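Under my numbering, the residues of the sequence shown are numbered 11 to 452, in order. Report on the following structure.
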Amino acid sequence: MSKRAHWGSRFAFLLAAAGSAVGLGNIWKFPYITGVNGGGAFVLIYLLCVALVGVPVLVAELYIGQKSQKNAVEAFSVLDPPRSPWRISGLLGVLSAFLILSFYSVIGGWVIDFLFQSLMGKISSLPEEALKGLLGGLFSAPLWQILWHTVFMGLTVGIVFMGVNEGLERWSKILMPSLFVLLFILLVYCWKLEGFPKAVDFLFSTRADKLTFSGILEAMGHAFFTLSLGMGAMITYGSYLGQRENLVRISFLLALLDTLVALVAGLVIFSITFTFNMEPAAGPGLIFSTLPVLFSKMSAGGVLAVAFFLLVLFAALTSSVSILEVCVAYWSETHGLNRKKATILTAGAIYLLGFLTVFSTNRLSNFKILGLTFFDLFDKLTSSYLLPIGGFITILFMGWKLGHQSVKDLFPSSSLMQKATLFLFRFITPAVMVILIYHFAT
Ligand code: PHE
Numbered sequence: 011m012s013k014r015a016h017w018g019s020r021f022a023f024l025l026a027a028a029g030s031a032v033g034l035g036n037i038w039k040f041p042y043i044t045g046v047n048g049g050g051a052f053v054l055i056y057l058l059c060v061a062l063v064g065v066p067v068l069v070a071e072l073y074i075g076q077k078s079q080k081n082a083v084e085a086f087s088v089l090d091p092p093r094s095p096w097r098i099s100g101l102l103g104v105l106s107a108f109l110i111l112s113f114y115s116v117i118g119g120w121v122i123d124f125l126f127q128s129l130m131g132k133i134s135s136l137p138e139e140a141l142k143g144l145l146g147g148l149f150s151a152p153l154w155q156i157l158w159h160t161v162f163m164g165l166t167v168g169i170v171f172m173g174v175n176e177g178l179e180r181w182s183k184i185l186m187p188s189l190f191v192l193l194f195i196l197l198v199y200c201w202k203l204e205g206f207p208k209a210v211d212f213l214f215s216t217r218a219d220k221l222t223f224s225g226i227l228e229a230m231g232h233a234f235f236t237l238s239l240g241m242g243a244m245i246t247y248g249s250y251l252g253q254r255e256n257l258v259r260i261s262f263l264l265a266l267l268d269t270l271v272a273l274v275a276g277l278v279i280f281s282i283t284f285t286f287n288m289e290p291a292a293g294p295g296l297i298f299s300t301l302p303v304l305f306s307k308m309s310a311g312g313v314l315a316v317a318f319f320l321l322v323l324f325a326a327l328t329s330s331v332s333i334l335e336v337c338v339a340y341w342s343e344t345h346g347l348n349r350k351k352a353t354i355l356t357a358g359a360i361y362l363l364g365f366l367t368v369f370s371t372n373r374l375s376n377f378k379i380l381g382l383t384f385f386d387l388f389d390k391l392t393s394s395y396l397l398p399i400g401g402f403i404t405i406l407f408m409g410w411k412l413g414h415q416s417v418k419d420l421f422p423s424s425s426l427m428q429k430a431t432l433f434l435f436r437f438i439t440p441a442v443m444v445i446l447i448y449h450f451a452t
């Protein structure tokens, strides 16, 4: 008997993995970076990356985790003993987790603020102009941001303490599907808005000229971010899987669900944007300036606003927990810290780092490194560089180091599938990444 924790059931694992994937990346980040990068062409590259890079890396990460039963760093050492050079991927992952959670928690805090504003009845009573400016008000109030950032981090730590597979499971079962239903209701409502056809056109017709090199990196990086890849989160979750599972099927399912949520969120946001003459390239504030306007026009909009921000908050928490878990599993297993201590120490450090993101929207908004505020820097560094690098190393490890054994485990009874998948791991996925980067860099 191993002492390591395991998921209570297959369903529990699925919920947790879906919870990790679906989060602010789908609802906040996808619409905003799509807007900034001009729509269709960006979405196309993103979808291509999800299919040809995301799904294979997802399979690889889950496999590496399950096979090794270890954290994101040690997994590589166990499968390639004694101290595999490949573990650099895991170490980069721990660094990424650190940086990502520091701003993720601040954005989670913004969601809490909007939940609070909805509960106070502001969303249904303020005039349109005031609603558009709500986020600006929050930006100039660092203390409020810090308060909500504290609450978000506290909730994340609380859930990790309760045990990922106990507390979370019960709630996820109800709240995750509720989020999907609510998004769908919003979509049906937006269908009738005059901006809807424009939103469809914006998301799905390609104007490749708009896409820049950094746009490509962002699209590829987002495929990693949104599926929780490239930093060992799925290795860590896979390592709590005891029995054999059909990892390929699970990965397709997760990618499909995740993409669907992002596209629906995008359709909703851009319908509002085009109906009410707002700016699609508004940046990180996009969902916070558009959605309240929609809620204020809907009957029962006040209630829907509360429900919506509550569900987004929950989706964000099921993701933040998985980010923190990467660090906690590493510090506790590899460095022998007890789990509680590891959680408090890492979360504390990440919490403090988060202040830099808070101040990026006010006091330090003019302080730039390489032309970026701290927030933009952390976001770019992780999504556009660290995650793709981590994912690239992982897929090479899977294809070239684990090689035949891995595809035999994945497809025990079909040698054709084994060969095709090995070809995918070894050549197609790495090539897609290299070609995209090369093509747009020159
Ligand atoms: N996938 C999560 C989201 O879309 C974010 C995340 C990134 C979670 C990396 C874990 C690891 O919100």
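Note that beta-carbon positions come from the ideal geometry of N, C-alpha and C, so glycine has one too. Please read these numbers as outputs of a predicted model, since none were measured by experiment.
- The closest CA to that of T166, considering only G276, E335 and M443, is found on E335.
- In the DSSP assignment, no residue is bridged to L251.
- DSSP lists L382 as the bridge partner or partners of I379.
- Here Q155 really is in contact with V368; their C-beta atoms are around 5 angstroms apart, less than 8 angstroms.
- Excluding the 5 residues flanking it on each side, L366 has same chain C-beta neighbours closer than 8 angstroms at S112, L374, F384, F385 and F388, in chain order.
- In this structure, DSSP gives N36 a helical state, which the three-state scheme calls helix.
- Across the set F212, V161 and G231, the C-alpha of V161 shows the shortest separation from the C-alpha of F324.
- Ranked by Cα distance from T216, the first of Y340, D90, L105 and T44 is T44.
- With a cutoff of 8 angstroms on beta-carbon distance, M186 and L25 are scored as near each other.
- The nearest non-hydrogen atom of the ligand PHE is less than 7 angstroms from the C-beta of S30.
- The C-alpha of Y199 is placed about 42 angstroms away from the C-alpha of L380.
- Given a length threshold of 4 residues, each whole run of the alpha helix (DSSP H) inside the stretch 131 to 195 is given here in chain order: 132 to 135, 138 to 142, 144 to 149 and 152 to 172.
- A direct Cα-to-Cα measurement between Y250 and R14 gives close to 8 angstroms.
- Distance between S78 and F86, taken at the CA atoms: about 8 angstroms.
- The alpha-carbon separation between F124 and H232 amounts to approximately 25 angstroms.
- When distances are taken from the beta-carbon of N256 to the heavy atoms of the ligand PHE, even the shortest one reaches 7 angstroms or more.
- Secondary structure at S423: coil, using DSSP grouped into helix, strand and coil.
- Beyond the five residues adjoining it in sequence on each side, L144 comes within less than 8 angstroms, by CB distance, of F124, Q127, K132, L136, F298, S299 and P302 in the same chain, given in chain order.
- T269 and K378 have their C-alpha atoms roughly 33 angstroms apart.
- Ranked by Cα distance from P440, the options S330, A61 and S393 are led by A61.
- Inter-segment contact for the stretch 308 to 316 and the stretch 57 to 77 is absent: fewer than three beta-carbon pairs are separated by less than 8 angstroms.
- Relative to T328, the option among I184, L102 and N81 whose CA is nearest is I184.
- For secondary structure counted as the alpha helix (DSSP H) over 4 or more consecutive residues, the stretch 244 to 300 holds these complete runs in sequence order: 257 to 285.
- If the five residues before and after K390 are omitted, its C-beta is found closer than 7 angstroms to the C-beta atoms of L382, all from its own chain and listed in chain order.
- Contact between M230 and M443 holds: CB atoms are separated by about 7 angstroms, below the 8 angstroms threshold.
- Judged by pairs of C-beta atoms under 8 angstroms, the stretch 395 to 402 touches the stretch 98 to 109, as three or more such pairs exist.
- Classified as exposed, H449 has fewer than 16 neighbouring CB atoms from the shown chains inside 10 Å of its CB.
- Less than 8 angstroms separates the beta-carbon of G409 from that of F435.
- Of the candidates H159, I55, D211 and L277, H159 places its Cα closest to the Cα of L362.
- Per the Cβ contact rule, the stretch 39 to 58 is not in contact with the stretch 341 to 348 (fewer than 3 Cβ pairs under 8 angstroms).
- Sequence-distant partners of Q428 (beyond 5 residues in either direction) whose C-beta falls short of 8 angstroms from its own C-beta, in its chain, are H414, V417, K418, L420 and F421.
- Here Q428 carries a helix assignment [DSSP, helix/strand/coil].
- For the 8 angstroms CB-CB criterion, G118 and A326 form a contact.
- Per DSSP, R436 lies in no alpha helix (DSSP H) and is assigned neither H nor E.
- Ranked by how close their Cα comes to the Cα of R97, the residues S261, N81 and P294 have N81 in first place.
- Rounded to the nearest angstrom, the gap between the Cα atoms of F223 and G50 is 15 angstroms.
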